[in-house]
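Trainee:
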Amino acid sequence: MIGLEGVTIRFGERVIVETMSFSVPRGRSLAILGPNGRGKTTTLKAMLGFQALNAGRRLAPKIVGYVPQSASYSQRYRVLDVVIMGRAARLGLFRQPGPEDFAVARAALDKTGALRFESAYFDRLSGGERQLVLLARALATGSDVLVLDEPAAALDLANQHRLLALLGQLRAPRDRAIVFTTHDPNHALTVADDALLMMPGAHPLFGPVEEVLTPDNLERLYGVAMRLVDLTGPDGVLHRAVLPAFAGMKAA
Amino acid sequence: MVDALSERQPGAIQGAGLVRNTAIFAVLAACLVIALIIGIGAGRFSVAPLRVLELVWHGVVDPSRTLTGMDERIVLLVRAPRVLLAALAGAGLAICGAALQGVFRNPLVSPDILGISQGAAFGGALGIMLGIWGGPLIALVFSTGLAGLALVGFLSRIDGRSETVTVILSGLVVSSMFAAVVSLLQFVADPNTSLPAIVYWLMGSFASATWERFLTALPGLAGGLVLLWSLRFRLNLLSLEEAEARSLGVRTERERWLVFAAIAVIVGSQVAVSGIIGWVGIVIPHAARLVAGHDHRVLLPASALLGGAFMVVIDTLARTVTAAEIPLGVITALVGAPVFAVLLRRHYRERNSE
Chain A
1 MIGLEGVTIR
11 FGERVIVETM
21 SFSVPRGRSL
31 AILGPNGRGK
41 TTTLKAMLGF
51 QALNAGRRLA
61 PKIVGYVPQS
71 ASYSQRYRVL
81 DVVIMGRAAR
91 LGLFRQPGPE
101 DFAVARAALD
111 KTGALRFESA
121 YFDRLSGGER
131 QLVLLARALA
141 TGSDVLVLDE
151 PAAALDLANQ
161 HRLLALLGQL
171 RAPRDRAIVF
181 TTHDPNHALT
191 VADDALLMMP
201 GAHPLFGPVE
211 EVLTPDNLER
221 LYGVAMRLVD
231 LTGPDGVLHR
241 AVLPAFAGMK
251 AA
Chain B
1 MVDALSERQP
11 GAIQGAGLVR
21 NTAIFAVLAA
31 CLVIALIIGI
41 GAGRFSVAPL
51 RVLELVWHGV
61 VDPSRTLTGM
71 DERIVLLVRA
81 PRVLLAALAG
91 AGLAICGAAL
101 QGVFRNPLVS
111 PDILGISQGA
121 AFGGALGIML
131 GIWGGPLIAL
141 VFSTGLAGLA
151 LVGFLSRIDG
161 RSETVTVILS
171 GLVVSSMFAA
181 VVSLLQFVAD
191 PNTSLPAIVY
201 WLMGSFASAT
211 WERFLTALPG
221 LAGGLVLLWS
231 LRFRLNLLSL
241 EEAEARSLGV
251 RTERERWLVF
261 AAIAVIVGSQ
271 VAVSGIIGWV
281 GIVIPHAARL
291 VAGHDHRVLL
301 PASALLGGAF
311 MVVIDTLART
321 VTAAEIPLGV
331 ITALVGAPVF
341 AVLLRRHYRE
351 RNSE
């Protein structure tokens with residue numbers, strides 16, 4: 001379980017969010033949606049405990065599996081050595097990772113499909129590959145909460161597809177809480193149960209995806225008219241997609 | 001055989017890495033041992049390497065016997081404590097550099113930046129001027145070194161948190177302040193007695209090494225080395241971005257200060273017995289990174305071994321190249337500065353090409 005309760009955050013005079021409450025229980029996933037500069041990342045930081053709160057409190061386990069948007073690589077570490085760092089909280093100050101920790105790290109890499117470059121240097125990987133490694137590190141912490149900061153922001157369409165499929169797989173067993181930020185509402189429709197819309201005016205909207213992702217809300221959120229379209233997928237199941245109103249218009 | 005095994009086992013890479021690391025450490029340890037033997041043997045009274053081994057063996061087996069031969073006395077009473085102290089000091093300075101560069105995520109920082117070296121230099125200069133020698137001098141050097149670190153800690157702590165940049169800048173400020181006071185002490189020191197002693201000490205030397213001095217420095221140097229070595233996996237974590245490290249359960253600030261304290265103990269002990277020796281902490285970790293990689297679990301012990309060997313070689317050169325002893329700081333700077341210049345250019349060229 002992870003969430004915020006009655007949280008207010010201000011940057012000087014500017015109110016980012018006011019008395020915001022939401023929670024993500026085990027088995028559910030939450031997409032935090034909004035344009036840039038509306039407090040998505042601030043909310044995420046507040047959930048992780050990196051952001052001072054002006055009011056309210058944070059509900060979170062001791063260790064949260066966190067996948068940063070881009071990782072630091074001032075040093076040249078191998079992929080397996082990056083993932084093994086996920087075990088730090090269990091090892092404490094002076095203990096070294098043992099065979100069991102390496103087994104966990106490998107299993108996590110296997111889960112994200114990154115085992116094949118376990119001995120490559122992390123800083124030599126592509127953005128998409130790095131994401132998979134950082135996701136493996138978050139899994140290796142053993143936490144049942146996973147928090148991803150803009151996981152799809154730097155990815156091309158094929159890698160976005162791969163990442164969403166992977167998040168879907170991680171969500172399927174319903175044994176962890178997953179939170180991610182994105183500015184594409186279609187990502188929320190694909191892998192989220194709930195959505196938190198960072199509306200203008202510091203009062204975010206929280207609820208199940210099918211209730212809060214309405215054309216009206218989305219238009220207010222992004223400042224662009226939006227349409228919801230239902231498409232029949234190749235499997236015969238009806239899928240819902242969000243399109244900005246300009247989509248489908250022909251260039252004159 | 002090894003290949004056949006590694007193909008089947010999931011731990012293949014670990015296996016290959018283990019073989020590689022064992023080879024690296026074997027070579028580095030051999031370098032250190034060879035440097036020690038040559039260091040003990042070389043000098044105006046030269047002793048052959050085999051005779052060195054024989055005498056050291058006698059000394060280890062029966063330390064309490066009376067020494068009769070001239071070579072025996074030189075090897076066991078004069079040169080053995082000197083090369084061992086040099087090795088330990090070199091290992092300490094190198095491991096401090098490696099740890100600091102990890103913590104600051106900056107390959108160009110060195111132990112001098114935390115105000116410890118200059119703080120310790122102030123204590124030493126003051127002690128020499130007041131005519132203090134031996135144990136009290138070491139205590140004074142050590143406490144002013146720690147005071148330098150504490151001052152940096154106090155200055156860089158703003159609103160309960162200290163940022164990396166403020167730590168580096170505070171280190172600069174504190175170092176300059178201590179350096180100014182040291183200059184003032186030199187200015188007022190008696191040019192016939194205390195001034196030469198201060199100048200010589202500031203340039204670093206192991207010439208005054210005795211078993212007594214070795215034992216004085218041993219607890220601090222060895223304790224600090226062991227503490228940093230046992231934090232080796234933690235240093236990997238501390239080299240990550242603040243938020244990443246904290247999300248993985250690292251109490252970054254507290255652990256960083258633990259590393260700093262270990263470094264203060266090492267540098268303080270080293271400066272107390274052998275004066276200021278620069279450059280080792282920056283050149284050696286870089287060389288070690290080239291052979292052992294960036295992972296602190298391997299880098300720290302590799303830096304220590306290489307630093308020990310390097311220091312012994314430098315000290316041997318210092319006392320054998322000319323009739324008079326050359327101050328260590330002069331040689332380490334002459335060797336270190338060009339190496340550093342090359343590293344600096346390469347570092348930024350690599351960064352720009354990314």
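As you go down the protein sequences, you meet chains A and B in turn. Numbering-wise (UniProt numbering), the first sequence opens with residue 1 and increments by one. Numbering-wise (UniProt numbering), the second sequence opens with residue 1 and increments by one. Quick reminder that beta carbons are idealized off the backbone N, C-alpha and C, glycines included. Note that this is a predicted model, so its numbers are computed, not measured.
1. Around the C-beta of B:V61, are 16 or more other C-beta atoms found within 10 angstroms, so that it is buried, or is it exposed?
2. Does any CB atom of chain A fall closer than 7 Å to the CB of B:H294?
3. Would A:D156 pass as an interface residue toward chain B - the criterion being a Cβ-Cβ separation below 7 Å?
4. Candidates A:N36, A:L53, A:R171, A:L4: which alpha carbon is nearest A:R10's?
5. Among all the DSSP beta bridges, which residues are the ones paired with A:G3?
6. Out of B:G153, B:N352, B:S46, which one is the CA nearest neighbour of B:S170?
7. By a C-beta neighbour count over all protein chains shown, 10 Å radius and 16 as the cutoff for buried, is B:L202 buried or exposed?
8. Would you verify that the beta carbon of B:F233 is, or is not, closer than 7 Å to some beta carbon of chain A?
9. Given a cut-off of 7 Å, decide if A:P204 and A:M20 are closer than it, judged by their beta-carbon atoms.
10. Indicate whether at least one CB of chain A lies closer than 7 Å to the CB of B:G249.
11. Name the chain A residues whose beta carbon is nearer than 8 Å to that of B:N21?
12. Have a look at A:A153 and B:G119 and give me their C-alpha separation to the nearest angstrom.
13. Pick helix, strand or coil for B:M177, following the three-state DSSP scheme.
14. Look at the Cβ atom of B:S239, then the Cβ atom of A:Q96, and state whether they are nearer than 7 Å.
15. Could you tell me whether the Cβ atoms of A:H212 and A:A177 are closer together than 7 Å?
16. Between the C-alpha atoms of A:K111 and B:D112, what's the straight-line distance to the nearest angstrom?
17. Could you say if the stretch 73-85 of chain B and the stretch 102-111 of chain B meet the contact criterion of at least three C-beta pairs nearer than 8 Å?
18. If we cut at 7 Å on Cβ distances, does A:A89 have a partner in chain B?
19. Report yes if the C-beta distance between A:L4 and A:R38 is below 7 Å; otherwise report no.
20. Just to confirm before moving on: does the CB-CB distance between residue 390 of chain B and B:G307 stay below 7 Å?
21. Answer with yes or no whether the minimum CB distance from A:Y121 to chain B is below 7 Å.
22. For chain B, find out if any of its Cβ atoms is closer than 7 Å to the Cβ of A:D81; answer yes or no.
23. Taking the beta carbon of A:A158 as the centre, do at least 16 other beta carbons fall within 10 Å, making it buried, or is it exposed?
24. Would you decide whether B:V342 is buried or exposed? Buried here means 16 or more other CB atoms lie within 10 Å of its CB.
25. So which residues of chain B does A:I63 contact, with C-beta pairs closer than 9 Å?
26. At which residues does the alpha helix (DSSP H) containing B:F233 begin and terminate?
27. Pull up the DSSP beta-bridge partners for A:T182, would you.
28. CA-CA distance, A:E100 and A:A89?
29. A:F206 bridges to which residues according to DSSP?
30. Just the C-alpha distance for A:G142 and A:G65, rounded to the nearest angstrom, thanks.
31. Would you mind reading off the limits of the alpha helix (DSSP H) that contains A:R106?
32. What did DSSP end up calling B:I276 once you bin it into helix, strand or coil?
33. Considering only DSSP beta bridges, list what B:R254 is partnered with.
34. Within its chain, find whatever has a CB closer than 7 Å to the CB of B:V181; leave out the 5 residues flanking it on each side and keep chain order.
35. Are the Cβ atoms of B:A262 and B:L228 separated by less than 7 Å?
36. DSSP three-state label for A:T232, please.
Mentor: In this structure, then:
1. Position 61 of the second sequence, counted from the first residue, corresponds to residue 61 of chain B. Classification for B:V61: exposed.
2. Position 294 of the second sequence holds residue 294 of chain B. Chain A contact via Cβ: present.
3. On the first sequence, position 156 is the one that residue 156 of chain A refers to. It does not: the Cβ of A:D156 has no partner Cβ on chain B nearer than 7 Å.
4. Position 10 of the first sequence, counting from 1, holds the residue named residue 10 of chain A. Among A:N36, A:L53, A:R171, A:L4, the Cα nearest to that of A:R10 belongs to A:L53.
5. Taking the first residue of the first sequence as 1, we reach residue 3 of chain A at position 3. Looking at the DSSP assignment, A:G3 forms a beta bridge with A:S23, A:L59.
6. Working through the second sequence from its first residue, we reach residue 170 of chain B at position 170. Nearest C-alpha to B:S170: B:G153.
7. As a position in the second sequence, residue 202 of chain B is number 202, starting the count at 1. Label assigned to B:L202: buried.
8. The sequence position of residue 233 of chain B within the second sequence is 233, counting from 1. So, interface residue.
9. In the first sequence, residue 20 of chain A corresponds to position 20, counting from 1. In the first sequence, residue 204 of chain A corresponds to position 204, counting from 1. Going by C-beta atoms, A:M20 is nearer than 7 Å to A:P204.
10. Counted from its first residue, the second sequence places residue 249 of chain B at position 249. Yes, contact with chain A.
11. In the second sequence, the residue the question calls residue 21 of chain B occupies position 21. In chain order: nothing, as chain A lies at least about 13 Å away.
12. The residue you call residue 153 of chain A lines up with position 153 of the first sequence. The residue you call residue 119 of chain B lines up with position 119 of the second sequence. Each residue's Cα considered, the two are about 48 Å apart.
13. Taking the second sequence and counting its residues from 1, one reaches residue 177 of chain B at position 177. In this structure, B:M177 counts as helix in the three-state DSSP scheme.
14. The residue labelled residue 239 of chain B in the question sits at position 239 within the second sequence. The residue labelled residue 96 of chain A in the question sits at position 96 within the first sequence. No.
15. To locate residue 212 of chain A, count along the first sequence from 1; it is residue 212. To locate residue 177 of chain A, count along the first sequence from 1; it is residue 177. It is worth fixing the name first, because residue 212 of chain A is Val in this sequence and not His. Cβ atoms of A:V212 and A:A177: not closer than 7 Å.
16. As a position in the first sequence, residue 111 of chain A is number 111, starting the count at 1. As a position in the second sequence, residue 112 of chain B is number 112, starting the count at 1. Near 45 Å, if we compare the C-alpha coordinates of B:D112 and A:K111.
17. no
18. On the first sequence, position 89 is the one that residue 89 of chain A refers to. So, interface residue.
19. Start at 1 with the first residue of the first sequence, and residue 4 of chain A comes out as number 4. Start at 1 with the first residue of the first sequence, and residue 38 of chain A comes out as number 38. No, the pair does not count as a contact, with Cβ atoms beyond the cut-off.
20. Nothing in the structure corresponds to residue 390 of chain B, since chain B is present only between 1 and 354.
21. On the first sequence, residue 121 of chain A is found 121 positions in, with the first residue counted as 1. No, A:Y121 lies away from the interface with chain B (no Cβ there is under 7 Å from its Cβ).
22. On the first sequence, residue 81 of chain A is found 81 positions in, with the first residue counted as 1. Yes, A:D81 lies at the interface with chain B (some Cβ there is under 7 Å from its Cβ).
23. Sequence index remark: in the first sequence, residue 158 of chain A carries index 158 (1-based). Exposed is the call here.
24. The sequence position of residue 342 of chain B within the second sequence is 342, counting from 1. By the 10 Å Cβ count, B:V342 comes out exposed.
25. Locating residue 63 of chain A in the first sequence gives position 63, where the first residue counts as 1. Within chain B, the residues near A:I63 are S247, L248, G249.
26. Within the second sequence, numbered from 1, the residue matching residue 233 of chain B stands at position 233. Residues 232-238.
27. Walking along the first sequence from the start, residue 182 of chain A turns up at place 182. Per DSSP, A:L33.
28. Sequence index remark: in the first sequence, residue 100 of chain A carries index 100 (1-based). Sequence index remark: in the first sequence, residue 89 of chain A carries index 89 (1-based). Taking the straight line from one Cα to the other gives about 15 Å.
29. What you label residue 206 of chain A is simply residue 206 of the first sequence in a count that begins at 1. Partner(s): A:L196.
30. Here residue 142 of chain A is taken as the residue at index 142 of the first sequence, counted from 1. Here residue 65 of chain A is taken as the residue at index 65 of the first sequence, counted from 1. Rounded to whole angstroms, A:G142 to A:G65 spans 8 Å at the Cα level.
31. In the first sequence, the residue the question calls residue 106 of chain A occupies position 106. Per DSSP, A:R106 belongs to the alpha helix (DSSP H) from 99-111.
32. Translated into positions along the second sequence, residue 276 of chain B becomes position 276. Three-state result, B:I276: coil.
33. In the second sequence, the residue the question calls residue 254 of chain B occupies position 254. B:R254 is not bridged to any residue.
34. Your numbering for residue 181 of chain B matches position 181 in the second sequence. For B:V181, where only same-chain residues beyond five positions count, the Cβ hits under 7 Å are F122.
35. Position 262 of the second sequence, counted from the start, is the residue given in the question as residue 262 of chain B. Position 228 of the second sequence, counted from the start, is the residue given in the question as residue 228 of chain B. Their beta carbons are under 7 Å apart, which means B:A262 touches B:L228 by this criterion.
36. Looking up residue 232 of chain A in the first sequence gives position 232. In the structure shown, A:T232 sits in a strand (DSSP, three-state: E or B).
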